[in-house]
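Counted from 1, the sequence shown has number 46 at position 47 by numbering that gives the first Met the number 0; the numbering is strictly sequential. Every residue, glycine too, gets a C-beta built ideally from N, C-alpha and C. Nothing here was measured: the structure is a model prediction, and the numbers come from that model.
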Amino acid sequence: MKPLEGIPHFGNLEYRNPKCPKEAAEQVTFFNQLRHHYPDTFGLIAVHNRNEGKKTAAQVVKEKAEGMATGAPDIMIPGNPSFLCELKRTDRTLSTLQPGQEPYLRAAIAAGSYGCIAFGWVAAWEAFEYWRTTLNKAA
Numbered sequence: 000m001k002p003l004e005g006i007p008h009f010g011n012l013e014y015r016n017p018k019c020p021k022e023a024a025e026q027v028t029f030f031n032q033l034r035h036h037y038p039d040t041f042g043l044i045a046v047h048n049r050n051e052g053k054k055t056a057a058q059v060v061k062e063k064a065e066g067m068a069t070g071a072p073d074i075m076i077p078g079n080p081s082f083l084c085e086l087k088r089t090d091r092t093l094s095t096l097q098p099g100q101e102p103y104l105r106a107a108i109a110a111g112s113y114g115c116i117a118f119g120w121v122a123a124w125e126a127f128e129y130w131r132t133t134l135n136k137a138a
């Protein structure tokens, strides 16, 4: 995956290891850390929205009608501004953006949210800490 202009990226873009953890494992680690360090604030309100994934076409149509948004990022934390982070594997060459992810992030950024892409949970934590300490007016 190549870096996208206008969307902040976190992580070592030169890192290569085909055995690095899968995206799901990185996400579990991030949420575990968040809930451990901020159990009554950010860990309480952070969400991961399930998207299309392995669903039937009928399920997707029904869930979109109910409000599912194609391309919603892996980590969403309400705030001022909101934090939206698409989490990918630490080795960026092993990840790709799914349809809708780039347009979603760009629209969210245009609407005033802080959107980024992180390669690995450590990079997502760096992005979160940057947002928490620098941008989030509610913290």
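Sufficient close CB pairs (3 or more, under 8 Å) joining the segment 30 to 44 to the segment 103 to 114: Taking 8 Å as the limit for Cβ pairs, the verdict is that the segment 103 to 114 does not touch the segment 30 to 44.
Neighbour-count burial assignment, P72, 16 or more Cβ in a 10 Å radius: Counting Cβ neighbours within 10 Å, P72 comes out buried, since at least 16 surround it.
C-beta contact flag for G10 and A107 at 8 Å: No, Cβ-Cβ distance for G10 and A107 is not below 8 Å.
Ordered list of alpha helix (DSSP H) runs contained in the segment 50 to 135, each at least 4 residues: Runs found: 56 to 64, 100 to 109, 120 to 129.
Sequence-distant residues of its chain with Cβ nearer than 6 Å to S81 (five each side left out): Around S81: S112.
Cβ neighbour criterion (16 or more within 10 Å) applied to I44: Flag for I44 reads exposed.
Assigned exposure category for Q58 - 16 Cβ within 10 Å defines buried: Under this definition Q58 is an exposed residue.
H36 - DSSP class collapsed to helix/strand/coil: Three-state result, H36: helix.
Proximity test, I116 beta-carbon vs the ligand SAH heavy atom, cut-off 7 Å: In the structure on display, the ligand SAH does not appear, and there are no ligands present to speak of.
CB of L86 within 8 Å of CB of A137, strictly: Taking 8 Å as the Cβ cut-off, L86 and A137 do not qualify as a contacting pair.
Sequence-distant residues of the same chain with beta carbon closer than 6 Å to T133, five excluded per side: No residues qualify anywhere along the chain.
Pick from C19, N48, A126 that is closest to S94, judged by C-alpha positions: Nearest C-alpha to S94: C19.
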